[in-house]
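K.L.:
In this note's numbering, the protein residues as written are 21 to 150. Here a beta-carbon is modelled for each residue, glycine too, at the ideal position from N, C-alpha and C. First, the structure itself, so that you have it in front of you.
What follows is the structure, given as structure tokens:
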């Protein structure tokens with residue numbers, strides 16, 4: 021039997037709140053690395069891109085993944101081929117909206133994998149992840 025103890029001084033963080041926190045951590049980390057934020061949480065019919073940034077002349081489409089532990093493969097393994105396709109289609113939509121040609125524009129797809137306790141995260145940045 022599993023028992024959950026609730027303490028009055030702790031607040032349960034929702035999945036959405038955790039997502040917002042981890043995306044802010046990822047964005048701040050990348051800004052510290054010299055990237056410039058262009059847009060956050062871009063939605064299209066095809067899907068969503070968490071963060072769009074510029075790294076020099078390159079547009080970087082970033083997927084942020086968080087897992088509390090490495091069980092079941094951790095954060096990096098959570099990005100399926102189907103998810104990658106959705107991100108690519110959404111990136112093409114973004115480029116079209118900006119009047120850019122996807123074949124003549126320098127782009128890459130990065131992953132920021134966050135793992136551990138929400139107050140003490142390990143950050144892994146995979147450039148050109150897919």
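State yes or no: is the C-beta of residue 129 within less than 9 Å of the C-beta of residue 80?
P.N.:
Position 109 of the chain shown, counted from the first residue, corresponds to residue 129. Position 60 of the chain shown, counted from the first residue, corresponds to residue 80. For residue 129 and residue 80, yes; Cβs fall inside 9 Å.
K.L.:
Output yes or no for whether 9 Å exceeds the beta carbon distance between residue 74 and residue 62.
P.N.:
Here residue 74 corresponds to residue number 54 of the chain shown, with the count starting at 1. Here residue 62 corresponds to residue number 42 of the chain shown, with the count starting at 1. Taking 9 Å as the Cβ cut-off, residue 74 and residue 62 do not qualify as a contacting pair.
K.L.:
In the DSSP assignment, what are the bridge partners of residue 142?
P.N.:
Looking up residue 142 in the chain shown gives position 122. Per DSSP, 135.
K.L.:
Tell me whether residue 58 sits in a helix, a strand or coil according to DSSP, three-state version.
P.N.:
Your numbering for residue 58 matches position 38 in the chain shown. Reduced to three states, the DSSP call for residue 58 is strand.
K.L.:
Under 8 Å, with one C-beta from each stretch per pair, do the segment 38-49 and the segment 119-139 reach the 3-pair mark?
P.N.:
yes
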